[in-house]
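Residue numbers (the working numbering), protein chains in the order written: chain A, 34 to 231; chain B, 34 to 231. For reference, the structure discussed in these notes is given below.
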DNA sequence: GGAGTTCTTGACCGTGCGGTCCACCATAAG
DNA sequence: CTTATGGTGGACCGCACGGTCAAGAACTCC
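Here's what the structure looks like:
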């Protein structure tokens, strides 16, 4: 019926997301977005609306992906306790290359005061993360690796806070060795040793 | 000899710092800075240089004040262990009004990738904070409230990471009760109970 | 009071921004 | 092939931004 799109929406969102991730929202210009997406302004605006809407789309796609990755990371290890340990050490590996932190966290810092929608999305995101981690904690309890007396959600929040703090310290340029040591120190104190070594 | 200044440099820096704190660097315009400082562009530029330099001045004044406050908060309680506990619960009180987080953290998130000077300053700041907290940990060990086997600096880093994480979760709009519970949970696991109740 | 010096005010400038719009193009249906 | 439809690219717009500058005001010293 009409001319089909020549771009893949997902690919564009990924490229745009990386750009926002590297430079932040305000410091990313439409020209930057055109460059990384390979699209003209018209196409960009027709497909996504204005800059802010495009940003929100990229942000949502980021948090969706992050939650998928989190689900996978938490369910893969045979023992849930190991998954939780890995959660704390994950920020150090920095799979995305340079130390750009967490896009959701960066965005909350930059726009949290000004954009209620970003704030609300951050809140929802962290609630979801808490729930996912809480499930894993419950699993670890069920496996006998964590005392079943503790509230899974409460421990999940403590772990999430610790992890966010680590991501943050990583951004300031702390060397990997110190970061690793801190992560292990936190893990040792928040996650007791296995009660039984199988 | 010449016309004296009609403004107090410290007051201007405070006003400007609050503006940057509320809106972030990029989202603060020169007009905003003129409004909150009550100065014209010329005066602002003559006194501080361009926007970025003014920002860096405000940021430095913020971290200096923060460290003074930290020093005071850590030395005031008669028992060092109580001071460390308070450190974790401090983010919840939010003395500065709305939940705008930590200016240094916000700035690192917004400009860390783009401005090496901001990053370097963040690094220095966190090293200083770590040292201050480390001293307090050592004091708590000396007072017999913490096992002297642990490395003070390592524990200080863990505490700092936990605290940053809490500040962060507070920004996302987590309710005070949950936040308090998380802080106490973290404190309980990172800081063991007093060995002797005096 | 005059001279010299610094501070202040606000008009002014060039630039790059986000956003709009339209002429052109590729495709599918008839 | 024609026509209708939606996609594309870039010219274009108004604006607000960061930054400059010059003229006047306020002060001290002689």
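The beta-carbon is built from N, C-alpha and C at its ideal position, and this holds for glycine as well. Everything numeric in this text was worked out from a predicted model, so none of it was measured.
Residue from the options whose Cα sits closest to the Cα of residue i
i	options	result
residue 55 of chain B	B/146, B/185 and B/204	B/204
residue 159 of chain A	A/184, A/41, A/82 and A/93	A/93
residue 190 of chain A	B/208, B/90 and B/173	B/208
residue 102 of chain B	B/149, B/91, B/41 and B/166	B/166
residue 58 of chain B	B/145, B/182, B/198 and B/170	B/145
residue 76 of chain B	B/96, B/45 and B/52	B/45
residue 221 of chain B	A/183, A/172 and A/109	A/183
residue 51 of chain B	B/149, B/226 and B/133	B/133
residue 174 of chain A	A/125, A/115, A/64 and A/85	A/115
residue 202 of chain B	B/226, B/125 and B/179	B/125
residue 161 of chain A	A/181, A/98 and A/148	A/98
residue 237 of chain A	A/206, A/38 and A/62	Residue 237 of chain A cannot be examined here, being either before or after the span of chain A that is shown, 34 to 231.
residue 148 of chain B	B/85, B/168 and B/172	B/85
residue 172 of chain B	B/83, B/110 and B/36	B/110
residue 104 of chain B	B/150, B/82, B/168 and B/139	B/168
residue 47 of chain A	A/66, A/123 and A/78	A/66
residue 226 of chain B	B/178, B/218, B/73 and B/212	B/178
residue 206 of chain A	B/157, B/206 and B/74	B/157
residue 212 of chain A	A/123, A/78, A/151 and A/36	A/123
Within 8 angstroms, strictly: CB atoms of residue i and residue j
i	j	result
residue 195 of chain B	residue 223 of chain B	yes
residue 135 of chain A	residue 200 of chain A	yes
residue 141 of chain B	residue 153 of chain B	no
residue 121 of chain A	residue 216 of chain A	yes
residue 49 of chain A	residue 87 of chain A	yes
residue 137 of chain B	residue 163 of chain B	no
residue 198 of chain A	residue 198 of chain B	yes
residue 40 of chain B	residue 91 of chain B	no
residue 119 of chain B	residue 192 of chain B	no
residue 113 of chain B	residue 42 of chain B	no
residue 60 of chain B	residue 214 of chain A	no
residue 170 of chain B	residue 180 of chain B	no
residue 143 of chain A	residue 143 of chain B	yes
Could you please tell me which residues of the stretch 183 to 212 of chain A, in chain order, have their CB closer than 8 angstroms to any CB of chain B?
187, 188, 190, 191, 193, 194, 195, 196, 197, 198, 199, 201, 202, 204, 205, 206, 207 and 211
Query raised in the report: What runs of the alpha helix (DSSP H), each 4 residues or longer, lie entirely inside the stretch 69 to 128 of chain A?
Result: 74 to 81, 84 to 108 and 113 to 126
### Task
Give, in chain order, every residue of the stretch 43 to 59 of chain A whose Cβ lies closer than 7 angstroms to some Cβ of chain B.
55, 56, 57 and 59
Note to self: Give me the subset of the stretch 146 to 176 of chain B whose CB atoms are less than 7 angstroms from a CB atom of chain A, sorted by chain position.
What the structure shows: 146, 147, 152, 155, 156 and 159
Q. Taking a cut of 8 angstroms between CB atoms, which residues from the stretch 67 to 99 of chain B lie near chain A?
A. none
So if I threshold CB-CB distances at 7 angstroms, which residues from the stretch 129 to 143 of chain A count as touching chain B? 133, 134, 138, 139, 141, 142 and 143
**Asked** What residues in the stretch 213 to 225 of chain A have a beta carbon less than 7 angstroms from any beta carbon of chain B?
**Response** 214, 215, 218, 219, 222 and 223
key: alpha helix (DSSP H) runs wholly inside the stretch 137 to 204 of chain B, at least 4 long, in chain order   = 149 to 175 and 185 to 204
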